[in-house]
Structure formats: structure tokens, C-alpha cells
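**Q** Let me begin by handing over the structure; questions about it come next.
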Amino acid sequence: MSYRRSPILAVIALLVAAACTQPPPSGASGTPQATGGAASTLVWYSDTSDLISLDPAVAYEFTGVLLAHNAYETLVKFEGADLSTIKPALAQSWDIKDSGSLWDITFKLRSGAKFASGNPITADDVVYSFQRVLKLNKSPAFLFTDIAQIKDTSIKASDSSTVVISLPKTASPQGFLAVLTFTIGGVVDSKDVKAKETAGDSGSGYLLDHSSGSGAFVIDHWTKNSEVQLKANPNYTGSPKPALGGVLVKHVPESTNQQFALEKGDADIARNLGAQQITALQGKPGVVTTTGNSLQLVYVGMNVTVKPLDNVNVREALRTAIDYDGIVKDLFKGGAKKVQDIVPAGLAGYNESTPFQADVNKAKALLQQAGQSAITLELLVPTGPAPGGVAWADLAAKLQSDWKNIGVTVNIKQTTQAELLGTYRAQKGQLVMILWGPDFPDPDGNVGPFTDFAAKSIAYRNGWDDKTIAAKGHDAALITDPAKRSAAYKEITEYVLHNGPYVVLYQPTEPFGLRSNVKGFVWSPMDWTDFAAISK
Amino acid sequence: MRFLGFLVRRVVGIAAVMIGVSVITFAISHVIPADPVAAALGDHATDAQIAQFRAEYGLDRPLPEQYLIYASGILHGDLGKSIRTRRSVADDLADSFPATLELSFAALLISIALGVPAGVWSALYRGRMPDYVVRVLSLAGGSLPVFWLGLIVIGLFYYQLGWFPGGGRLDTFVAPPPTRTGLYVLDSIVAGDLEALRSSLVHLVLPAVTLGYFSTAVIARMTRSSMLEVLGQDYMRTAQAKGLREPVIVLRHALRNALIPTVTIIGLTFGSLLSGAVLTETIFSWPGLGRYATASAVSLDFPAVLGVTLLAAIVYPLANLVVDVVYYWLDPRIQHG
Amino acid sequence: MVRRSPILREPLNVLAIALIAAFALCALLAPVLAPYDPLAQTLSARLEPPSATHWLGTDSLGRDIASRILYGARISLIIGVVVVALAGIFGTFVGLVAGYAGGLADEALMRLTEVFLAFPPLILAMAIAGALGPSLTNAIIAIAAVTWAVYARLARGQLLSLRRREYVEAARSIGVSPARILARHLLPNAIAPLLIQASFDMGAAIIAAAGLSFIGFGAQPPTPEWGVMISEGRNFISTQPWLSLFPGLAILFAVGSFNVLGDGLRDVLDPRLRRAN
Numbered sequence: 001m002s003y004r005r006s007p008i009l010a011v012i013a014l015l016v017a018a019a020c021t022q023p024p025p026s027g028a029s030g031t032p033q034a035t036g037g038a039a040s041t042l043v044w045y046s047d048t049s050d051l052i053s054l055d056p057a058v059a060y061e062f063t064g065v066l067l068a069h070n071a072y073e074t075l076v077k078f079e080g081a082d083l084s085t086i087k088p089a090l091a092q093s094w095d096i097k098d099s100g101s102l103w104d105i106t107f108k109l110r111s112g113a114k115f116a117s118g119n120p121i122t123a124d125d126v127v128y129s130f131q132r133v134l135k136l137n138k139s140p141a142f143l144f145t146d147i148a149q150i151k152d153t154s155i156k157a158s159d160s161s162t163v164v165i166s167l168p169k170t171a172s173p174q175g176f177l178a179v180l181t182f183t184i185g186g187v188v189d190s191k192d193v194k195a196k197e198t199a200g201d202s203g204s205g206y207l208l209d210h211s212s213g214s215g216a217f218v219i220d221h222w223t224k225n226s227e228v229q230l231k232a233n234p235n236y237t238g239s240p241k242p243a244l245g246g247v248l249v250k251h252v253p254e255s256t257n258q259q260f261a262l263e264k265g266d267a268d269i270a271r272n273l274g275a276q277q278i279t280a281l282q283g284k285p286g287v288v289t290t291t292g293n294s295l296q297l298v299y300v301g302m303n304v305t306v307k308p309l310d311n312v313n314v315r316e317a318l319r320t321a322i323d324y325d326g327i328v329k330d331l332f333k334g335g336a337k338k339v340q341d342i343v344p345a346g347l348a349g350y351n352e353s354t355p356f357q358a359d360v361n362k363a364k365a366l367l368q369q370a371g372q373s374a375i376t377l378e379l380l381v382p383t384g385p386a387p388g389g390v391a392w393a394d395l396a397a398k399l400q401s402d403w404k405n406i407g408v409t410v411n412i413k414q415t416t417q418a419e420l421l422g423t424y425r426a427q428k429g430q431l432v433m434i435l436w437g438p439d440f441p442d443p444d445g446n447v448g449p450f451t452d453f454a455a456k457s458i459a460y461r462n463g464w465d466d467k468t469i470a471a472k473g474h475d476a477a478l479i480t481d482p483a484k485r486s487a488a489y490k491e492i493t494e495y496v497l498h499n500g501p502y503v504v505l506y507q508p509t510e511p512f513g514l515r516s517n518v519k520g521f522v523w524s525p526m527d528w529t530d531f532a533a534i535s536k
Numbered sequence: 001m002r003f004l005g006f007l008v009r010r011v012v013g014i015a016a017v018m019i020g021v022s023v024i025t026f027a028i029s030h031v032i033p034a035d036p037v038a039a040a041l042g043d044h045a046t047d048a049q050i051a052q053f054r055a056e057y058g059l060d061r062p063l064p065e066q067y068l069i070y071a072s073g074i075l076h077g078d079l080g081k082s083i084r085t086r087r088s089v090a091d092d093l094a095d096s097f098p099a100t101l102e103l104s105f106a107a108l109l110i111s112i113a114l115g116v117p118a119g120v121w122s123a124l125y126r127g128r129m130p131d132y133v134v135r136v137l138s139l140a141g142g143s144l145p146v147f148w149l150g151l152i153v154i155g156l157f158y159y160q161l162g163w164f165p166g167g168g169r170l171d172t173f174v175a176p177p178p179t180r181t182g183l184y185v186l187d188s189i190v191a192g193d194l195e196a197l198r199s200s201l202v203h204l205v206l207p208a209v210t211l212g213y214f215s216t217a218v219i220a221r222m223t224r225s226s227m228l229e230v231l232g233q234d235y236m237r238t239a240q241a242k243g244l245r246e247p248v249i250v251l252r253h254a255l256r257n258a259l260i261p262t263v264t265i266i267g268l269t270f271g272s273l274l275s276g277a278v279l280t281e282t283i284f285s286w287p288g289l290g291r292y293a294t295a296s297a298v299s300l301d302f303p304a305v306l307g308v309t310l311l312a313a314i315v316y317p318l319a320n321l322v323v324d325v326v327y328y329w330l331d332p333r334i335q336h337g
Numbered sequence: 001m002v003r004r005s006p007i008l009r010e011p012l013n014v015l016a017i018a019l020i021a022a023f024a025l026c027a028l029l030a031p032v033l034a035p036y037d038p039l040a041q042t043l044s045a046r047l048e049p050p051s052a053t054h055w056l057g058t059d060s061l062g063r064d065i066a067s068r069i070l071y072g073a074r075i076s077l078i079i080g081v082v083v084v085a086l087a088g089i090f091g092t093f094v095g096l097v098a099g100y101a102g103g104l105a106d107e108a109l110m111r112l113t114e115v116f117l118a119f120p121p122l123i124l125a126m127a128i129a130g131a132l133g134p135s136l137t138n139a140i141i142a143i144a145a146v147t148w149a150v151y152a153r154l155a156r157g158q159l160l161s162l163r164r165r166e167y168v169e170a171a172r173s174i175g176v177s178p179a180r181i182l183a184r185h186l187l188p189n190a191i192a193p194l195l196i197q198a199s200f201d202m203g204a205a206i207i208a209a210a211g212l213s214f215i216g217f218g219a220q221p222p223t224p225e226w227g228v229m230i231s232e233g234r235n236f237i238s239t240q241p242w243l244s245l246f247p248g249l250a251i252l253f254a255v256g257s258f259n260v261l262g263d264g265l266r267d268v269l270d271p272r273l274r275r276a277n
């Protein structure tokens, strides 16, 4: 029957007709939103599959932190990408007093500060915000409970614009201030959130996809797996005031699609470009590329409970055999920094000495000294791309061939990140290739985990129980004089360089693609940016 | 009355299959060598937090007990909580399923719209140029990986030619229509939102064509072979001998009979579209079930994997049921034994 | 009178068989034929277009693509053969047991196949490969797990239809043992649709494995499996499209040949069955 086919033909006709109507050129497409439309909205393409919650007490993954950072203000902050000085934010001043058994830090809140809702920001809001972090006890909570070692009772409002937080003497006040710059220190509107609490969840159900803060932007909506929209906060009392009307963060996991969209003008900023996309974008009209620093380190952990890795010469030999320059230059095309100590560049305590570069003879001599010849080890490698955009597997292949040159056979075993973490945490790896990022911008954020076996972190996973260096790490964390602290960390990092169970490979830089009309974009090594500073 | 008996028996059969599916998937998900919880909480989680998480998700109970808890939950519509997204799996599925459904329908529509005429054309011109063209294209369709096709399609039609958008369901600044079904095309028609309609249709084209290519090939081949069979039969020759005009013969007799096996294929195809959707959605940034399944499998999020598998596994038997019901009405002579 | 095998009458079939032979040859002789070591990285010769020294160009680590495709043929052949062997043997066994035993065992086994057939293949494969860990071996296991059920149903179906045939009853009446009946009469005839299915599944397995590699669940870099190569090339589509193009074409030709073979087998074997029935 011919009529049976015509509805199908009609559908085809409709599709063809729809296809033939070209979408209007980007920049003016669709109905203008309340934000003022395409011209004043920054379109940010990235892989947001890690986004779980926008609640500052819960958010601990990159995307969540980036968004919460822009929706909430903290007591103190860093300016742009400069991590050396702590600046006032919601707290206009603070002072640290030694009260005998405790450190008392008194924060005076900025006058006239308001939430997006219009409610004034009071000390009670700060107390509520910090106490709910402890109550919820989600991923970032350890920053308060373990690093700062504070409890509910440690946080008090002495008047409506003064908050006093007391730390035990074993915690570092400087470290705590650094912790407070992180989204965990975001202050929420207690009146608003208390009204939206359900079943004692401290409002985390509501704050999962809404914001209730005082940041330059508010969360307009989060369409799961698709996009998050932020709009400028008209009641923002901080500075600088946002130049844009809004930010649209779209979930586009394929970096090729991000590159295409950037070239076509559908995206303003592309977050997850690899080295090859950056190369492809050079010279393309309307597009520029830039980089941001990160505080991450990519390293290989050597399990010292596995023979012959217990021998320090063997470990030194493995370190000496690697072609670090080749990795940075050829694999990453310069998109990485050669760093070999355990404190990344950008933090105080960074040790820029890089004594290791492929020296096959020296490495072989060290192996001989250790009395080892044919060594076979297993290298555990995650699947997917490493920071900097090169596949983990390719990086592993390079190491494998470098180590082959000195007679060490390394078998590569790839597993998902989940499984790798499980094996690593259980101290069951031999060689494990992975990355680390400090939780707060303080050298102790790395030195602690890398040196302290008792912290059950990196040193523990590699079976490295060196009580002397652990003690040195503890002491260095508590030194207040910056010069003395630097010297202490220099000593520690030098020691770890040659004795520790780590082969630090590189510190990645983050590449970004931007439309050339995007101005003011600065990427902080804390893995966020201030949208308020950006304009188009 | 017999129809009702047939229906009941089929539904019971589907339920039995679903139980089997859930048991097998549950078993698979718990054989994992790694601990998904530590992975979900990240590198810096304390042991206390891990223990809290495990208790929250009931992971500290023995396996059979966990299964029973899960199974009884399903009867209440509770599919558990996703370890990765921390939301209820049912909510996650409700969010992502309509997108996949829309894509699959579009792909199916395209494969029928292109495959049936191609098969007919190829059968009518058997042994000549059109036949070879269709057969080669169908062969290619059944032999190329859908993700490779997707890469080429995006590279060509979005990047080089700019004819279609390169991913997503709507233009950046077009608001989705108010949700009735979750299928943007339907919802925008209902809401009278022409802008959303245009935008969602345009975004459907590339992924639907990519996803549907394999099915188009299958349907074309099936239509061709059943057309050939029917065209060669005696009553056809009788009709020709009687002098009926060829187009009339084709349309009235051959097509209707040839369509019956094709309808079977359509049921089968719907199930295979879900598999193909996994890869297509990844490439086209389509926020559907396939992408959710991939992300869940990578993070060892077994409540989510279980949920997706159950949902996907019910589609195939349901589609077959629909097909059989259509059969029943098409040809009451068919016995359902 | 010399009769040409009916399958060779169709020129397309000849082409397909030739391609399969070439594919198998490449696979077996890869170490001899490949001009370079497929894993050898030459960081100074990265991303080169096809040239006289590198016929299909080089990839992002300077590895020769032509050599990688040859070794990939070997891997794909193994994938196809192992999956079909595992699934085919296990499935046929289950189907024959079900068909011969009948009754409750038959019901139970057929329900089991229904369960496995209800899973969308890639999703079950992902679940299995995800649970076991990403590797080529686990991908093969996962794909076999979604493939075996068809063979069980086919084998059972064949068994049921054939056991009623006259010559089986004749043999039974003479007193030939059931095992002999199975081996001598039933199996050879039952095999035809299974062979056809196997041919199609060879191709399907290769594509499924490539798909799993693409999303990270199957073979991992630097293995020169065709799906891995397409995945590695996906970020270079705009600038060096040949990275993904050639492995995709390799899959197209290899799988296409198996599909044509399956078609050819069906044309040859099916009419005979139909006539016999």
C-alpha cells in the first residue's frame, strides 16, 4: 500500500527540511536567555563526569570544586594564580594567638557582606557552614578533622561579625589558613539552608544542585550529564564584579569534540584538550591556546617490601635510567615541567634540583653495586589519559623501554583507576604509576603523605616506614618562620630524592583552548578559575 | 481469550528472564577484584569514611542478603543508590533513558525509511546496478564499527562541512521544552515550541544516522530477500500473467508479505540499537543510557550497572512482545504455542 | 564431470574467500611481512603521512601504522577464532544436551539462553570486562559470554528437527547406538546453520572487541588491536585522519569478508536444508 510509506516519507522530508535550515551562526543562536544570551555567557566545554555535588561541604572533585568556588566565598583566599600570599575575602582580617594549649585564630568578617539571597553574612553562618562539614563527614571533611584537627566545639562566634577557631598545638595554623581557601571553607546562607533541610541532611540534598552562597555567581540549574548554568549574582558584595552575565558549563567528554566546537565558535573555552589538540589549534583563526599550572605530580611508587626494591641502590638505579627530558619534550611537547622532588613548583619548599637524567652506565653500576642483575617487576598503570593529555599506557611504554636499557624487565599491567587504587591502598603493587595532587596549597599537603607511614597515605602504600623523615616532616609543618621552614623542606626533599621509593616524572601543565575574544582567564594551580575575572 | 492467555504467558516469561538477568548481573558485579568504594571516595578518603560509605550502601552484608535486599527493593521501584553519582539509580535512569529512547526511535525510523525502500528497489532490479549498490552498502553497514563511522560523520558533517551540530541534544542557548516524555521532539511538538523542535531534530540527524546504519543494512537485506522470495512465488506469476501492472503487484502483494519477516527484524534491531547507543552516545555527547552505562562500568558502580542492565534487558523481550502482538493482528492464522 | 563448488560460482564469494585468506596470511606471517616492530616508538618521526618509508604513515608515538595493522590482523583473527570456538563449542554442547535430554533440563537450559539473549551484547560485555578488568582476554571472555546462547538454540533446534528424520528412525530400529547416531548422522547436518552463524560471528566478535577497546574495556594501548588504534587516533581526526581511517578500513574489509562468506554459505547450505525438509 503506497499510503503506508508516505508517513515515513513525510518524516524524512521533515528531517531533511530541518537539516537544511542552518542553525544561525554561533553567538546569536536561539532565544536570548535571561542572562542576556550568547554574547554575555561564557560557554565552557569540559568533561564533567566527575561532578557529584555542588555542596561545598561535599564537593571534592575538579568540576564540583570549580563551580562551588565561584558560587561561594571563603574567609580567606588566594589572588588569581598566586599561591604565596593569603588574602582577605569574607574575613577582612585575622590574627593567630598562642593561647597555651591551643592556637586561637580570630577572624573579623567584612562589613556589608551579603548572600545572594540578600541575607547579611554573620558569624553564625560561618559556624553553621563549618559545623555541617564535620557533621556530613564527606570526602573533604578530613581537611578539617585530620589536618586542622578541629571539632564542633572548636568553632565559635564571639559576636555577630567575629569567629574564633581553635586548633590543637599539633596542627599548623598556616596550613589551616591554606585549607580555608579551599571550597570546604565556603560559607553558606544558614537561614536559607536550614529552611531547606530534609531528614537531617544539613541541606546537602538541596545544595547538591543549588547554591546558597555569596559568590560572584549563583547556580541556575544543573541538568545532569548535560550542563550546569551559572548566572551572575546581582547581590555580590565582593570584587571584582563579574563582567559576564553567566557561565554555561557543558559536559563534552571527547576532547576532539571540544576542539571542533572551539574552532567553530560553539565553545568559548575548552578544558580537556590534549597535546595533539593544542598542536592542531595553532594558527587557527579566532582561537588561542594558553596554559595553567597545576600542583599535581605524576610519579611511580616503588613498593619497598618487594625485593629487590628494598635496596636503595636499586631504587636509585631505576630513577637514573629514565629519559625525563625525552618525556617532557617529545611526549608532552613541552606541556609538562621536569620536576623530581615531592613538592611541586608553586609551593614554598619546592626543590628545583633535577639530578636524574638517563645515564645508563651509572644505573647499571648501581645495580651491580646492589648485586642485582636480571630484575623483573610489574608496573601497574591506569587506563585512559595521564595529566597533560598523553595516554598512561604510552608513558608506561616509554618507561618500560628506558628500563629495558639497564636490564630491568618491566611488565605493564593496565587496570581501571578504581582497581589500581584498591591494589595500591592494600600495599599490593610493585611499581605503581599514578598522580598526586595536594589537598591544600601547603608543602605539608605533599610531604606528609609522601614521608609519613603512619598517615596511611603514599608512604604507607609503598611500604616505606622511615620514622626519622616522618618526624622531620611533622616538625617542618609546624614551623612558622618562612625561611626556617624552607630550609627544613629543602633537607627533607633532598633526602627523599635519593632515598625514597619514588620516581617523580613530571609536573603537568594544563592546556586550555580559548576563543581569542575571551579576556581575563587565569587558571589557578588550585584547579579552578575565577569566572568573575573573565570577559568576552 | 486465547490472546489474553498468550499475553499472560509472555509476561510471566519476561519476568522470569528478568530475574535471571538480575541474578547474573549481580553475580558479575560482585566478582570484581577491586573495591569500588575506595575508588568512589578518591585517594584521600580515610578508613572511617570508607566504612561509613560501605554501611550506607549495605556492602558489609553477605552477598545473598544483599541480593535479597536488592530484589525486594526492585519490587518497590527502588533500584538502589549509585555509588558514583550518589543519587538513586532510578532517578539516574529516568534522566538518561528518554534520550536513548529518542535516539533509538529516530535510528529505527531512519533505518525503516531507508532500508525498506532500498530493499524493495534492490529486489526489483536484481542482478543490475541498483542491486549491487544496495548490496555493497548493506554489506558495509554490517561490517563497519559504529564508533568509526561516528568519528567520520562528525569530522565530515560537523567539522568540515558545518551542516549539522557536533553533539548534544539542543543548541547551546535553546531551552529544552517542558518535560512530558523526555523526548525533546515530542515535547516540543506538544508545547508548540518550534525553536526547540528544529534544534532537537537537527541534533538527532547525525547520531541517528550513525546508530541506524547497521539496522538500515539489516532491514534492507531482509526486505530484499523476502521480496525476492515473494516475487518468485507462483501466485505472483499468476498475477503477472493476469496482466496486472507491475507497480501494483509490487505494492499490493509483495510488499505486504515481505514486511512480515521485516517486522520481526525490527524487534531484534531495537535491542541491538541499545548496544550501539553506548558507542554512539560517547562520540556525540548524547546524555543517554549508553553513556551512563559506560561511566558506571568504568567506576565499578555496580548498582548503576545492575540498573542499566535490567532496564536494557527488559527492552528486548518487550520489543519482541510488541512485535508478536503486531504479528497476531497482522496474521491471525499464526498460532502462538 | 568436474563440478565447481557452488559457493565459488558467485564472484563476490571468491573475492571474500580471497580476502579472508589474505587476512589469515597477514595474521600468520605478520612478523615476516611487517617492515617495522609495531611497538617501536620513534619520537622523531611522529604523525607522518603515508610515504615511501611508512606506507600508511606513523602514529603519535612514531610507530609504523602498516606494521601495526598487520599485527592487528593477527590479534583480530585470534579474537574471532577464540570467541567463535568458545561460544560455539560451549553453546552447541548445551544445545545438544538440552535437545537430547528434553523435559526439565531442556526447559531450564532454554530459559538460561533466553536470559543471555535478553542482554544487549555490549552492555553485558562491558559489565563483565569491567568486573574482570580491562584486557583483551577479558574482552574475549565477555564477548563469548554474549554469543554462546545463539548456538545453543540453533543446535537444539537442529537436533529436534533432525531426530525425527526417517534415517534416524531407521538407524535406531537397526540398533545403532545413540552416540553413533549423534556423531554420524545428526552432527554433520546440524552443523550447517552453526557454520553460517560462526562466519557472521567471526566478524561480529572483531567489531565487538574493537568497540570494547574503544571505550577502554578491551585491549589496551600499546597493543596494536584495530579498535585501540582507532581510539588512539580519535583525537587526531582533524589533522591526521589516517590514524583512525586505516584500522577502520581494515575492520571493514575483514568483517565484510566474513559476512559475505556467511551469506555465501547460507545460499549454498540453506536451499539444501529446505529441500531436505
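Chains as they are written, first to last, in this note's numbering: chain A, 1 to 536; chain B, 1 to 337; chain C, 1 to 277.
All C-beta atoms, glycine included, are put in the ideal place defined by N, C-alpha and C.
1. Under the three-state reduction of DSSP, which class applies to B:Val153: helix, strand or coil?
2. Among the residues of its own chain, which have a CB less than 7 Å from the CB of A:Val288, if the five just before and after it don't count?
3. Would you please verify whether the beta carbon of C:Leu122 is less than 8 Å from any beta carbon of chain A?
4. Kindly indicate which three-state DSSP category A:His69 falls into: helix, strand or coil?
5. Applying a beta-carbon distance threshold of less than 9 Å, which residues of chain A neighbour B:Arg180?
6. Distance cutoff 8 Å, beta carbons only. Does B:Phe402 sit that close to anything in chain A?
7. Can you name the residues of chain C whose CB is closer than 7 Å to the CB of B:Ala293?
8. How about A:Pro355 and A:Val188: do their beta carbons lie closer than 8 Å?
9. What would DSSP say about A:Tyr299, mapped onto helix, strand or coil?
10. By a C-beta neighbour count over all protein chains shown, 10 Å radius and 16 as the cutoff for buried, is A:Lys77 buried or exposed?
11. Please list the terminal residues of the continuous alpha helix (DSSP H) segment that includes B:Gly115.
12. Report the rounded CA-to-CA distance for B:Gly307 versus A:Thr181, giving the unit in angstroms.
13. Using the rule of at least 16 other Cβ atoms within 10 Å of the residue's Cβ for burial, across every protein chain shown, is C:Ser177 buried or exposed?
14. The segment 242-271 of chain C: which residues have C-beta closer than 7 Å to a C-beta of chain B, in chain order?
15. Is it right to say B:Trp329 is buried, meaning 16 or more other beta carbons lie within 10 angstroms of its own, or is it exposed?
16. Just to check my reading of the structure: A:Lys191 and A:Tyr206 have Cβ atoms closer than 8 Å, yes? What is that Cβ distance to the nearest angstrom?
17. Note down, in chain order, all residues in the segment 142-166 of chain B with a beta-carbon under 9 Å from any beta-carbon belonging to chain C.
18. Of all the CB atoms in chain B, is at least one closer than 8 Å to the CB of C:Phe214?
19. Taking a contact to mean a Cβ-Cβ separation below 8 Å, would you say B:Ser215 touches B:Ser200 in this structure?
20. Give the single residue among B:Leu274, B:Leu279, B:Ala304 whose Cα lies nearest to the Cα of B:Arg86.
21. With a cut-off of 8 Å, does the C-beta of A:Ala321 fall near any C-beta of chain C?
22. For C:Ile89, is the classification buried or exposed, using 16 other Cβ atoms within 10 angstroms of its Cβ as the cut-off for buried?
23. With a cut-off of 8 Å, does the C-beta of C:Asn138 fall near any C-beta of chain A?
24. Given a cut-off of 8 Å, decide if C:Ile237 and B:Leu194 are closer than it, judged by their beta-carbon atoms.
25. Pop quiz: C:Ile196 and C:Ala254 are said to be a contact at Cβ under 8 Å. What is the actual Cβ separation, rounded to whole angstroms?
26. Among the residues of its own chain, which have a CB less than 7 Å from the CB of B:Phe164, if the five just before and after it don't count?
**A** The relevant details are as follows:
1. B:Val153 falls in the helix class under three-state DSSP.
2. Correct list, in chain order: Leu514, Ser516.
3. No, because no Cβ of chain A sits closer than 8 Å to the Cβ of C:Leu122.
4. Helix at A:His69.
5. Going along chain A, no residue has its Cβ under 9 Å from B:Arg180, so there is no contact; the nearest lies around 16 Å.
6. The structure shown does not extend to residue 402 of chain B, since chain B is modelled only from 1 through 337, so no value can be given for it.
7. Chain C residues near B:Ala293: Ile123, Met126.
8. For A:Pro355 and A:Val188, no; Cβs fall outside 8 Å.
9. A:Tyr299 falls in the strand class under three-state DSSP.
10. Around the beta carbon of A:Lys77, 16 or more other beta carbons sit within 10 angstroms, so the residue counts as buried.
11. Here the alpha helix (DSSP H) through B:Gly115 covers 89-124.
12. Each residue's Cα considered, the two are about 39 Å apart.
13. Residue environment: C:Ser177 is assigned as exposed (fewer than 16 neighbouring CB atoms within 10 Å of its CB, all protein chains considered).
14. Residues passing the 7 Å Cβ filter: Ser244, Gly248, Ile251, Leu252, Val255, Gly256, Asn259, Val260.
15. The residue in question, B:Trp329, is exposed, as its Cβ has fewer than 16 Cβ neighbours within 10 Å.
16. Actually they do not touch by this definition, with Cβ atoms about 13 Å apart.
17. Going along the segment 142-166 of chain B in chain order, one finds Gly142, Ser143, Leu144, Pro145, Val146, Phe147, Trp148, Leu149, Leu151, Ile152, Ile154, Gly155, Tyr159, Gln160 with a Cβ nearer than 9 Å to chain C.
18. Closer than 8 Å to some Cβ of chain B, the Cβ of C:Phe214 qualifies, so yes.
19. If you check the CB distance, B:Ser215 and B:Ser200 do not come in under 8 Å.
20. That would be B:Ala304, whose Cα lies nearest to the Cα of B:Arg86.
21. Not closer than 8 Å to any Cβ of chain C, the Cβ of A:Ala321 fails to qualify, so no.
22. The residue in question, C:Ile89, is exposed, as its Cβ has fewer than 16 Cβ neighbours within 10 Å.
23. For C:Asn138, no Cβ of chain A is located within less than 8 Å of the residue's own Cβ.
24. No. Outside cutoff.
25. With a Cβ gap of about 18 Å, C:Ile196 and C:Ala254 do not count as contacting.
26. Taken in chain order, the residues that qualify are Phe157, Tyr158, Val202, Val205, Leu206.
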